[in-house]
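**Q** In numbering that gives the first Met the number 0, the protein residues as written are 0 to 215.
One structure coming up, written as C-alpha cells, with questions to follow.
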Amino acid sequence: MSDTPNPSSTSNDSQDAGDEETETKSRFNVLILLPLVVFLALAGLFMWQMASGTNPNLVPSVLINKPAPQFDLEPLDASFGIRTPDGGPISGFDTESFKGNVSVVNVWASWCPTCRDEHPLLLKMTEDNRFDLIGLAYKDEQANSARFLENHGNPFDKVGMDISGRVGIDWGVYGAPETFIVDRNGIIRYKHIGALTPQSLQASFLPKLEEILAEK
C-alpha cells in the first residue's frame, strides 16, 4: 500500500508554520519598539520637568530626612602628602563624623569630567568654616584621587575612599558628582545630582544650607 498525503494534515502544517512566523515577527517588533518607547517616556518626563519648572538635578531621594547609612571609609593615604585647607592631615570619615556639625558631602572622582567643572566652586566654599566639606571619592583609586587633588587643590576637610562603590550604593548615588547636605543630627536633608553651578548654588543649594545652619 502506498502512502497518500493527507490534505487536511498538510493544511494544518501550513497554518502552524504561518502562526509561528507571525509570532516571531511580533516578538521582533516588540524588541525593536521597546527602546523607542523607553526613550520617549524618559524624554516626556524631562520635558514635563522643564515645563513645570522642576529641576531634574533635584531628584527626590528616599534618604531625604532620614539618618545617613552606617559606613566607615578609609582616608586618602597620608603618604601622598595631601593636606586639608587648614594644613592638617587628611582623615577618613564615618557615620559618627556627622554628629554635631553640618556637613556638605561631595561625591567626586578623578575620572569625572564634570567634577573638574564644579571644583573651583568647592574651593570657594572653604572660605566658610561653619560646616565641614567632605569628599567621598567614588569608585576611584588612591593614587588617582591624590593626583587630582594635587593638581586642582583640596577643598575637603575629610576624604573617604569608596573604592568599591558600596557606600555610594547605600547613599543612593547615581554617579559622580553628587552633593548632599547632612545636618548636625546626621540626617540627610538635601541632595543635588550633577555638577554644582553658580546658578544652582544661588537658586537652591546655598539657601538650603543656610536654613540648616540656622537650626539649633
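Just so you know, even glycine gets a beta-carbon here, dropped at the ideal spot from N, CA and C.
Remember, predicted model here, so these are calculated numbers, not experimental data.
Using a Cβ-Cβ cut-off of 7 Å (strictly less than) and excluding sequence neighbours within five positions of residue 211, which residues of its own chain qualify?
**A** Correct list, in chain order: 101, 180, 182, 188.
**Q** Should residue 78 go down as buried or exposed, given a rule of 16 or more other Cβ atoms within 10 Å for buried?
**A** exposed
**Q** Can you tell me whether residue 168 is buried or exposed? The criterion is at least 16 other CB atoms within 10 Å of its CB, across all chains shown.
**A** exposed
**Q** Would you say the segment 160 to 174 touches the segment 79 to 90, given that touching needs at least three Cβ pairs under 8 Å?
**A** no
**Q** Rank 142, 209, 170 by C-alpha distance to the C-alpha of residue 106 and give the top, closest one.
**A** If we check each option's Cα against that of residue 106, 170 comes out closest.
**Q** Would residue 98 and residue 133 be called neighbours here (beta carbons separated by less than 8 Å)?
**A** no
**Q** Given this structure, state the Cα-to-Cα distance separating residue 206 from residue 75, to the nearest angstrom.
**A** When rounded, the distance between both Cα atoms is 31 Å.
**Q** Suppose you measure from the CA of residue 155 to the CA of residue 194; what does that come to, to the nearest Å?
**A** 16 Å
**Q** Within the continuous alpha helix (DSSP H) that includes residue 144, where are the two ends?
**A** 141 to 151
**Q** Identify whether residue 166 lies in helix, strand or coil by the three-state DSSP scheme.
**A** helix
**Q** Assign residue 90 to one of three DSSP states: helix, strand, or coil.
**A** DSSP places residue 90 within a strand segment (E or B) once states are collapsed to three.
**Q** By the 10 Å Cβ neighbour count, where 16 or more other Cβ atoms means buried, how is residue 173 classified, buried or exposed?
**A** exposed
**Q** Would you mind sorting residue 65 into buried or exposed? The rule is 16 or more other CB atoms within 10 Å of its CB.
**A** Classification for residue 65: exposed.
**Q** Helix, strand or coil, according to DSSP, for residue 212 in the structure here?
**A** helix
**Q** So the candidates are 199, 86, 140; which of them puts its Cα closest to the Cα of residue 117?
**A** Taking residue 117 as reference, the option from 199, 86, 140 with the minimal CA-CA separation is 199.
**Q** What does the alpha-carbon distance come out to for the pair residue 137 and residue 215?
**A** 32 Å
**Q** How long is the line joining the alpha carbons of residue 191 and residue 128, rounded to whole angstroms?
**A** Between the alpha carbons of residue 191 and residue 128 lies a gap of roughly 21 Å.
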